[in-house]
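Student: As given, the protein sequences belong to chains U and E, one line each in that order. Take the first sequence: its letter number 9 is residue 9 in full-length UniProt numbering, and every next letter is one higher. Take the second sequence: its letter number 26 is residue 26 in full-length UniProt numbering, and every next letter is one higher. Here a beta-carbon is modelled for each residue, glycine too, at the ideal position from N, C-alpha and C. Here the structure is a predicted model, which means the values were calculated and not measured.
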Amino acid sequence: MPRLPDLQAAFSAALTDPDAAVPEGVTAPRGGRADKRFAVYRNNVTVSLVGALEDTFPAIARLLGDEYFTALAREYVRAKRPSSPFLAEYGEDFGDFLDAFPPLAGYPYLGDVARLEHAWLSAYHAADAAPLDPARLTAISESDVGDVRFTLHPALRMVQSRWPILQLFEANRTGEGKPPADLSSGGESVLVTRPVLDVTLSRLAPGASYFLNALAEGSTLGAAAGKAFENASEFDLAQALQAALAAGAFADIRMPD
Amino acid sequence: MSEKNTRYRKIEIPARAGVGLKAQHYRDVLEGAPDIGFFEIHAENYMGAGGPPHAYLSAIREFYPLSLHGVGLSIGSHGALDKDHLARLKAIESRYEPGLFSEHLAWSTHDTAYYNDLLPVPYDRETLARVCDHIDEVQDTLGRRMLLENPSTYVAFEQSTMSELDFLREIVRRTGCGLLLDVNNVYVSAVNHETSPEDYLDSFPVEHVGEIHLGGHAPDIDDEGRPLLIDAHDRAVDNAVWGLYDRLLQRAGALPTLIEWDNDVPQWAVLAGEAAAAERMLAGVAQGTTVHAATA
Numbered sequence: 001m002p003r004l005p006d007l008q009a010a011f012s013a014a015l016t017d018p019d020a021a022v023p024e025g026v027t028a029p030r031g032g033r034a035d036k037r038f039a040v041y042r043n044n045v046t047v048s049l050v051g052a053l054e055d056t057f058p059a060i061a062r063l064l065g066d067e068y069f070t071a072l073a074r075e076y077v078r079a080k081r082p083s084s085p086f087l088a089e090y091g092e093d094f095g096d097f098l099d100a101f102p103p104l105a106g107y108p109y110l111g112d113v114a115r116l117e118h119a120w121l122s123a124y125h126a127a128d129a130a131p132l133d134p135a136r137l138t139a140i141s142e143s144d145v146g147d148v149r150f151t152l153h154p155a156l157r158m159v160q161s162r163w164p165i166l167q168l169f170e171a172n173r174t175g176e177g178k179p180p181a182d183l184s185s186g187g188e189s190v191l192v193t194r195p196v197l198d199v200t201l202s203r204l205a206p207g208a209s210y211f212l213n214a215l216a217e218g219s220t221l222g223a224a225a226g227k228a229f230e231n232a233s234e235f236d237l238a239q240a241l242q243a244a245l246a247a248g249a250f251a252d253i254r255m256p257d
Numbered sequence: 001m002s003e004k005n006t007r008y009r010k011i012e013i014p015a016r017a018g019v020g021l022k023a024q025h026y027r028d029v030l031e032g033a034p035d036i037g038f039f040e041i042h043a044e045n046y047m048g049a050g051g052p053p054h055a056y057l058s059a060i061r062e063f064y065p066l067s068l069h070g071v072g073l074s075i076g077s078h079g080a081l082d083k084d085h086l087a088r089l090k091a092i093e094s095r096y097e098p099g100l101f102s103e104h105l106a107w108s109t110h111d112t113a114y115y116n117d118l119l120p121v122p123y124d125r126e127t128l129a130r131v132c133d134h135i136d137e138v139q140d141t142l143g144r145r146m147l148l149e150n151p152s153t154y155v156a157f158e159q160s161t162m163s164e165l166d167f168l169r170e171i172v173r174r175t176g177c178g179l180l181l182d183v184n185n186v187y188v189s190a191v192n193h194e195t196s197p198e199d200y201l202d203s204f205p206v207e208h209v210g211e212i213h214l215g216g217h218a219p220d221i222d223d224e225g226r227p228l229l230i231d232a233h234d235r236a237v238d239n240a241v242w243g244l245y246d247r248l249l250q251r252a253g254a255l256p257t258l259i260e261w262d263n264d265v266p267q268w269a270v271l272a273g274e275a276a277a278a279e280r281m282l283a284g285v286a287q288g289t290t291v292h293a294a295t296a
């Protein structure tokens, strides 16, 4: 008879392998066949994890249809088990899985939509912080303002894409807006924030992602603006700052030393 | 937004009916202020750092006793407990100061993979030692006594050498933990293993029970065409389970009793109705009279 470590190794391996035999030593009462009984555990594992993916990726499920999504999610579950019981973290690389899934090669935007859905959930569960009061910035003298640094809000996430992912997200998840008529009409970079309770998504203007990434890395406002100009000549600092403040992208501001 | 650093007054869980708190019912609870004995949460649903789950739970915790129920600690694993998970559990425990903490006699993690189900353990000496070590570690980390829940099981193990009740009794003796008696699990396991749920309940060490669970199960059949019940928590409590609950109350007296309904979650009023049915039976026991399930 298997000892506990071998029993649990065999039991767990058979949970996500539909072709595996019932592990040795696992029986029905009075020793009968336990195939259907073991299948209850196998089913619980797969159905609950597929359900977790459905909860996290409703736009992907809508885009693919429920039947296709369920089959796809089963493939993912077979390939990847959660690494923690905190299931909000499960599916972190579902976008990469979609990118690499050959039958979906004709739908290259799905991976980015999935990354946006996971960013939404990550922002939903992120730490709480009061968003920066814009008055704190306007109170700073013009000579100092280029040298201030920002602490980004803990719920801030960004997803950049060559595809109109914000339109795809909104049309397939919240029911607001129409799906984009032309998928090659241009990419969208999306800012995800949660200033208080509600997760909000907004489209980032050209250069804004470079600007916010530089601020996240500790650059001064002046240096971050320079970085954004380098990468996008049409970058508008005043507009980018105002949009970031309005979205609750910052938690704090630090004066120059 | 939230009272992140507030220290709540620790409220003991009363010998009343409570319900499992679901996100679908946050607003019903906060706006309707229902008369419910306590709420129980799954710890794993509150393991994010912040956001709406904590904001709602903080608000509800202001007004109700809270019971903390883990579903992912994997106490029955041969492998070591996940230290990160235990730390997150400790953080929730410290933040909300629940009246009690419970977990399952089951495993759900192997190596680093989490299977999101309550998997069964063989009842033998090796497993017993492992489970007791893990319970000691949990109780040391949390600085409190925990309750261990009897499982629903669908299979048996050839290597089991003890009955489930002897296994539970020995765990209590070695670790000093208490027990959570899930009456639906008693019924599900008894049907699945063709044993008597009445005998099991009548022998259960009720002096160590700190909480009772009631929930719904789904009927199926096994390979031989015999009944196989699934612990689905997706419907109302079965009449057979209400009957066993009544029988238990006669012997054990009134105890905190939770209605679990985790899948196909109904309207608040339906869940509240289940709690009211349990509450009437509890009140009958407290007053020394018996309210039978049929009239509850």
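Quick one: does U/Gly32 have its CB under 8 Å from some CB of chain E?
Tutor: yes
Student: Give the secondary structure of E/Leu73 by DSSP, where H, G and I count as helix, E and B as strand, and everything else as coil.
Tutor: coil
Student: If you check the beta carbons only, do U/Leu156 and U/Ala243 fall under 8 Å apart?
Tutor: Contact flag unset, no.
Student: Please state whether the Cβ-Cβ distance between U/Tyr109 and U/Ile165 is less than 8 Å.
Tutor: yes
Student: Going by the CB atoms, is the gap between E/Ala252 and E/Ala286 shorter than 8 Å?
Tutor: no
Student: Of all Cβ atoms in chain U, is any one closer than 8 Å to the Cβ of E/Pro122?
Tutor: With respect to chain U, the C-beta atom of E/Pro122 has a partner C-beta closer than 8 Å.
Student: Hey, is U/Ala114's beta-carbon within less than 8 Å of any beta-carbon in chain E?
Tutor: no
Student: Measuring straight from C-alpha to C-alpha, what distance separates U/Arg173 and U/Leu53?
Tutor: If I take the Cα positions, the gap works out to 14 Å.
Student: Note down the Cα distance separating E/Glu44 from E/Arg27, rounded to an integer number of angstroms.
Tutor: 21 Å
Student: Here's a check: name, in chain order, each residue in its chain whose Cβ is nearer than 7 Å to the Cβ of E/Tyr114, leaving out the five neighbours to either side.
Tutor: Gly72 and Ser108
Student: Count the other CB atoms within 10 Å of the CB of E/Ile221; is the residue buried (16 or more) or exposed (fewer)?
Tutor: exposed
Student: Using the beta-carbon of each residue, which ones in chain E are nearer than 8 Å to U/Gly25?
Tutor: Pro122, Phe157, Glu158 and Gln159
Student: Assess contact between the segment 191-202 of chain U and the segment 118-131 of chain U, defined as three or more Cβ pairs (one per stretch) separated by less than 8 Å. Is contact present?
Tutor: yes
Student: Can you find a CB in chain U that lies within less than 8 Å of the CB of E/Asp117?
Tutor: yes
Student: Kindly give me the distance between the Cβ atoms of E/Leu244 and E/Val206, rounded to whole angstroms, as I take these residues to be in contact under 8 Å.
Tutor: About 13 Å separates the Cβ atoms of E/Leu244 and E/Val206, ruling out a contact at the 8 Å cut-off.
Student: For E/Pro53, which residues from the same chain have a beta carbon less than 8 Å from its beta carbon, with the 5 sequence-adjacent residues on both sides left out?
Tutor: Ala23, Asn45 and Tyr46
Student: Could you give the DSSP three-state label for E/Tyr123: helix, strand or coil?
Tutor: coil
Student: In chain U, what lies closer than 7 Å to E/Thr127 by C-beta?
Tutor: Leu4
Student: Does the segment 132-148 of chain U come within contact of the segment 220-232 of chain U, defined as at least 3 CB pairs closer than 8 Å?
Tutor: yes
Student: Are the CB atoms of U/Ala13 and E/Val155 nearer to each other than 8 Å?
Tutor: no
Student: By the DSSP assignment, the alpha helix (DSSP H) with E/Ala203 in it spans what residues?
Tutor: Reading off the sequence shown, one finds Ser at residue 203 of chain E, where the question assumed Ala. Its alpha helix (DSSP H) spans residues Pro197 to Ser203.
Student: In three-state terms, what does DSSP make of E/Ile92?
Tutor: helix
Student: Mind listing the chain E neighbours of U/Arg194? Cutoff is C-beta to C-beta under 7 Å, in chain order.
Tutor: Close partners of U/Arg194 in chain E (Cβ separation under 7 Å): Gly51.
Student: So, helix, strand or coil for E/Ala17, using DSSP?
Tutor: strand
Student: Taking 8 Å as the CB-CB limit, is E/Ala55 close to chain U?
Tutor: yes
Student: Under 8 Å between beta-carbons, which chain U residues line up against E/Ala113? List them in chain order, please.
Tutor: Here the neighbours are Ser12, Arg81, Pro82 and Ser83.
Student: Heavy atom of the ligand FMN less than 7 Å from the Cβ of U/Ala114, yes or no?
Tutor: Absence of the ligand FMN is noted for the structure shown, with no ligands found whatsoever.
Student: Below 9 Å between beta carbons is the criterion; list the residues of the segment 69-89 of chain E that meet it against any residue of chain U, in chain order.
Tutor: Gly70, Val71, Gly72, Leu73, Ser74, Gly76, Ser77, His78, Gly79, Asp82, Asp84, His85 and Arg88
Student: Going by DSSP, name the residue or residues bridged to E/Met162.
Tutor: For E/Met162, which the question treats as bridged, DSSP gives no partner whatsoever.
Student: Kindly say whether E/Arg95, judged by its beta-carbon, lies nearer than 8 Å to any beta-carbon of chain U.
Tutor: no
Student: If you compare alpha carbons, which of E/Ile259, E/Leu271 and E/Leu248 is closest to E/Gly284?
Tutor: E/Leu248
Student: Is U/Glu170 helix, strand or coil when you go by DSSP?
Tutor: helix
Student: Buried or exposed: which applies to residue 301 of chain E, given that a residue is buried once 16 or more other Cβ atoms fall within 10 Å of its Cβ?
Tutor: Absent from the structure is residue 301 of chain E, since the part of chain E shown begins at 1 and ends at 296.
Student: Do you know how far the Cα of E/Leu142 is from the Cα of E/Val291?
Tutor: Here the model assigns E/Val291 a pLDDT of 48, short of 50, so the residue's position is not dependable and the matter cannot be decided.
Student: Do we get a CB-CB distance below 8 Å when we pair U/Phe38 with the residues of chain E?
Tutor: yes
Student: Please report whether the beta-carbon of E/Leu228 lies at a distance below 8 Å from any beta-carbon of chain U.
Tutor: yes
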